[in-house]
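Beneath this line is the structure, given in structure tokens, with notes to follow.
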Amino acid sequence: MAGIPTLLVGVFILLPTAASIVLSFTSWNGIGGLSAIKFIGLKNYSDLINVYQPFFPALKHNLTWLLFFLLIATPLGMFFAVLLDKNVRGTRIYQSALYMPVVLSLAIIGFIWQLIYAPEQGLLNNLLGRTAQGNQISWLGDPSLNLWAILVAAIWQMSGFVMVLYLAGLRAIPEELKEAARVDGCTEWKIFRHIVFPLLTPITLSAMIILGHISLKIYDLTVAMSGSGPGFSTDTPALFMWQTAFRDDYFGRGAAVAIIMLLLVAGVVVPYLVWNRRQEVEA
156 MAGIPTLLVG VFILLPTAAS IVLSFTSWNG IGGLSAIKFI GLKNYSDLIN
206 VYQPFFPALK HNLTWLLFFL LIATPLGMFF AVLLDKNVRG TRIYQSALYM
256 PVVLSLAIIG FIWQLIYAPE QGLLNNLLGR TAQGNQISWL GDPSLNLWAI
306 LVAAIWQMSG FVMVLYLAGL RAIPEELKEA ARVDGCTEWK IFRHIVFPLL
356 TPITLSAMII LGHISLKIYD LTVAMSGSGP GFSTDTPALF MWQTAFRDDY
406 FGRGAAVAII MLLLVAGVVV PYLVWNRRQE VEA
């Protein structure tokens, strides 16, 4: 029985990964079976760098997702968690409302925000028109706006997820530590800065790793709201991979994109796993 998990990992993770690595060095359109696969070395990778211009904008968009998740969704989630930790009246209602987007699928999130951003009947344009006599804005049709519009929807969802992580961390901190600091004359800000925030470091690191991992392989929300956008303005490597492999039938090139994504995710996750392992050994 002990070998079953290892077997499952090998069959469903390691074997497909190895097959993708091998496929990334080949040219294959999915027709003709294994005999039609031609080995071409690093040509797929070199073509991504030198030939296919949409690939680098897609990587740049991934970096934008990463920065926005880390610099906005993480602090926003912490802010909400600190407020809810005060046990104000209606905490359960606020907590449920903020967490509700997390349990919705990204397709539903995309549909909701499409209604909000709709040019004529959308909530946002109607609100702007009533308050400032603004013109109707095509939030998802304008290449200069649509990426930011999608990011707002993503942050709306992920800040609730981060809030739950921080809320669990805040409620695990012994109240005696805070009371002792208050007796010594510390203000609430000093208590948070010198006691609470350092104790939340593992939560912060975990949130950053999870959000970084999600941002590097984002796909669902961009497809649900705008696809690759006008002029590839919202394209991401995951979407580029799907279009290359399953729409254009360049499976080798799509596999090369997948391997690059794997390396990017590993660059985020592996250092955290190493650090976490060292912490366990030292403990």
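Per this note's numbering, the very first residue in the sequence shown carries number 156; after that it's consecutive.
Every residue, glycine too, gets a C-beta built ideally from N, C-alpha and C.
Bear in mind that the values here come from a model prediction, so they are computed numbers and not experimental data.
Can you look up residue i in the DSSP assignment and give me helix, strand or coil?
i	result
Ser370	helix
Phe194	strand
Ala287	Bear in mind that the predicted position of Ala287 carries a pLDDT of just 49, short of 50, making it unreliable; the figure below should be weighed with that in mind. In this structure, Ala287 counts as helix in the three-state DSSP scheme.
Thr391	coil
Ser381	coil
Thr342	coil
Arg433	helix
Val299	The residue you asked about is not Val; residue 299 is Ser in the sequence shown. Here Ser299 sits in coil by DSSP.
Ser182	strand
Gly187	coil
Pro209	coil
Tyr405	coil
Measure the CB-CB distance between residue i and residue j and report whether it falls below 8 Å.
i	j	result
Pro274	Pro385	no
Leu203	Val412	yes
His216	Thr389	yes
Ala308	Met380	yes
Leu282	Tyr272	no
Gly315	Leu355	no
Ile176	Ile414	yes
Ala362	Leu417	no
Val317	Thr229	yes
Leu259	Tyr249	no
Leu366	Met313	yes
Could you check the C-alpha separation between residue i and residue j for me, to the nearest Å?
i	j	result
Val166	Leu189	20 Å
Asn199	Arg408	5 Å
Arg348	Leu394	41 Å
Phe194	Ser182	6 Å
Met233	Leu322	8 Å
Pro256	Thr377	16 Å
Val436	Asp404	47 Å
Arg337	Asn301	48 Å
Leu214	Pro392	6 Å
Ala236	Val424	25 Å
Leu332	Lys241	16 Å
Asp375	Trp311	15 Å
Leu170	Leu428	22 Å
Thr219	Pro209	15 Å
Gln291	Thr359	39 Å
Gly185	Phe406	7 Å
Ala441	Gly158	As shown, the chain starts at 156 and ends at 438. That puts residue 441 outside it, with no answer to give.
Gln269	Trp294	9 Å
Ile168	Leu162	10 Å
Leu178	Leu419	19 Å
Gly340	Phe387	56 Å
May I ask you to verify whether the region 362–382 touches the region 218–226, counting CB pairs closer than 8 Å and requiring at least 3?
-> In the pairwise beta carbon analysis, the region 362–382 is classified as touching the region 218–226: at least three pairs are separated by under 8 Å.
Give a yes or no on contact between the region 251–266 and the region 337–353, applying the rule of three or more CB pairs nearer than 8 Å.
-> Of all C-beta pairs linking the region 251–266 to the region 337–353, fewer than three are shorter than 8 Å, placing the two stretches out of contact.
Unbroken stretches of the alpha helix (DSSP H), 4 residues or longer, contained in the region 222–296 | Counting only runs of 4 or more, we get 229–239, 246–258, 261–272 and 278–287.
Return the chain-ordered ranges of every beta strand (DSSP E) run that is complete within the region 311–362 and spans a minimum of 3 residues.
-> The region 311–362 contains no whole beta strand (DSSP E) run of 3 or more residues.
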